[in-house]
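Beneath this line is the structure, given in structure tokens, with notes to follow.
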Amino acid sequence: MALNKFMHPRNIYRTPPDFVKLYKEFEDFSTVAKMDVTGKVSIDFKDTRALRILTKCLLKSDFDLDVVIPEDRLVPTLPLRLNYILWIEDLMISIHKEHITGLDIGTGACAIYPLLAANKNKWHMVGTEKDEDSLKMALDNIERNNLQHLIKLKKNITASLIEHLFEEDNDLRFDFCMCNPPFYSNVQEVLESRSSARPPPKNAFTGSPQELITEGGELEFCRKLIKESAKFKNHILIFTTMIGHKYNMKEILLDLKAEGIKHTTTEFCQGRVTRWAIAWTYQDYDLYNLVPPRDKARKKSIPITFVLPEIPNLPYDVEHTTEKVQQLFDSLNIQYKIITKRRNETVLNFNALTNTWTNQRRKRRLLKKIEETVSKKQKLENQEKCEKSTPDSSIDEKSNVLNETMDLATACSTALIDQTDTVTNKDTEKPILQGIFKVSNKAKTVVFEMEYLEGSAGKEGVHQILQYIKNNWK
1 MALNKFMHPR NIYRTPPDFV KLYKEFEDFS TVAKMDVTGK VSIDFKDTRA
51 LRILTKCLLK SDFDLDVVIP EDRLVPTLPL RLNYILWIED LMISIHKEHI
101 TGLDIGTGAC AIYPLLAANK NKWHMVGTEK DEDSLKMALD NIERNNLQHL
151 IKLKKNITAS LIEHLFEEDN DLRFDFCMCN PPFYSNVQEV LESRSSARPP
201 PKNAFTGSPQ ELITEGGELE FCRKLIKESA KFKNHILIFT TMIGHKYNMK
251 EILLDLKAEG IKHTTTEFCQ GRVTRWAIAW TYQDYDLYNL VPPRDKARKK
301 SIPITFVLPE IPNLPYDVEH TTEKVQQLFD SLNIQYKIIT KRRNETVLNF
351 NALTNTWTNQ RRKRRLLKKI EETVSKKQKL ENQEKCEKST PDSSIDEKSN
401 VLNETMDLAT ACSTALIDQT DTVTNKDTEK PILQGIFKVS NKAKTVVFEM
451 EYLEGSAGKE GVHQILQYIK NNWK
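Numbering-wise (the UniProt record's numbering), the sequence shown opens with residue 1 and increments by one.
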């Protein structure tokens, strides 16, 4: 279902762009758009060139911005970028700020956030960038729109996110910072970010490696920003970051709560894509009540909890019980990834492509039946070898029993294979369950928690997996 109705209430793209108008006004757009016999205009959203031209035309049509979007760089999703800017507006209004100066960490080749902020709100912006080529292209876009008086760019040649700015000029002050961190930790993660079993994305995939990859991935990037923010708590009033993975959001919130840092959250909805954002401050602002968390109306998912009993010869601690849980997930072909590993707690996100956990009892019965029939077959064969002379009728009788036994074993084996194929056919099935599981040490016991995030298997799927773990915890 499209999420446009959940966009920020001031986002102009709650009403979809008028493609007919763009078709008539922009020659470039007419080269990538198609008009049918009824006069309806459409584009192929999987075509990167079409996306680039659409974004360029919208920036010109709606904001009078002339922006060059390089072919080898990320095409900014305009409704999402505008959602972020509008949320920053809400934060600034809540603390009664008027003359605003903001910081964009990793501004990119388009400098999209500074351009929108300066053009729309007349904010002063500073953008940082590590990539030399992106920095030059961003500067060209700023000069092309005559916004040099409002936007300044600084190259970051350090490993820090914000510290380098204040080492250079400790008098710098910002009302907010914003960033859209890279999602992935390496190229392999980019390639595996979308399972082949999932339906293809609606939009084309764009972006250069430096825009998509950062050491440690998105979660470590955000944690690094939080760590640096504590050092420069009085240099920036409100720190913010966008988040692309929901399970990272939960971990960052735990980090902020553990440090007692005041914060609030939001959800950016546009098209069929959802992103999240967190804002935190060390100032005397109650952000949670000033700008309450905003997300789609839904029932809160409450984790289900199970105290894992001790297993003989298995150390009763978080490390070894987590390994045991991982083995059980492996047996179900459920994908998982560690997102937090502390001394007394390990948190993983999991993704089940297909249902491999139901009818486990039936499968065990079938396997037992196969074992029994194979054993019976071997016993009969041994008896035949031992008997040197046996009446024909006895041989016939034993042959019949042997054949029946083999037929039963074959039938059971076939049934088991057919059933397994049904639940593990990754080429035809869609992912059905995504969630988080946590193993932690509480009051001298090891506790296992599972939380449902999304998927057609629903919360019932989580309960079924937990039951499987209980049945096999031995």
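Using N, Cα and C, we set each Cβ at its ideal position, and we do this for glycine too.
For the 8 angstroms CB-CB criterion, residue 107 and residue 123 do not form a contact. Its chain contains 102, 117, 176, 178, 240 as the residues whose beta carbon lies nearer than 8 angstroms to that of residue 88, once the 5 sequence neighbours on both sides are disregarded; these appear in chain order. The three-state reading of DSSP puts residue 454 in strand, counting E and B together. Taking C-beta atoms under 8 angstroms as the contact rule, residue 172 and residue 161 fail to qualify, at a distance of about 14 angstroms. Looking at the backbone, the Cα of residue 73 and that of residue 109 are separated by about 7 angstroms. Beyond the five residues adjoining it in sequence on each side, residue 441 comes within less than 6 angstroms, by CB distance, of 318, 344 in the same chain, given in chain order.
DSSP, read as helix, strand or coil, puts residue 276 in strand. Under DSSP, the beta-bridge partners assigned to residue 336 are 350.
One Cα belongs to residue 474, the other to residue 92, and the distance between them is close to 55 angstroms. Beta-bridge partners assigned by DSSP to residue 240: 279. Here the alpha carbon of residue 459 sits roughly 11 angstroms from the alpha carbon of residue 432. As computed with DSSP, residue 270 is found in a beta bridge with 273. Annotated as distal: residue 276 and residue 231, with beta-carbon spacing of 8 angstroms or more. Beta bridge pairing from DSSP links residue 463 with no other residue.
In its chain, beyond the 5 residues on either side, 28, 29, 32 have a beta carbon closer than 7 angstroms to the beta carbon of residue 53. Across the structure, residue 21 and residue 140 are spaced so that their CA atoms are roughly 28 angstroms apart. Secondary structure at residue 320: helix, using DSSP grouped into helix, strand and coil. The segment 305-318 and the segment 445-457 touch, with no fewer than 3 CB-CB distances between them shorter than 8 angstroms.
Looking at 174, 130, 225, the one whose alpha-carbon comes closest to that of residue 99 is 174.
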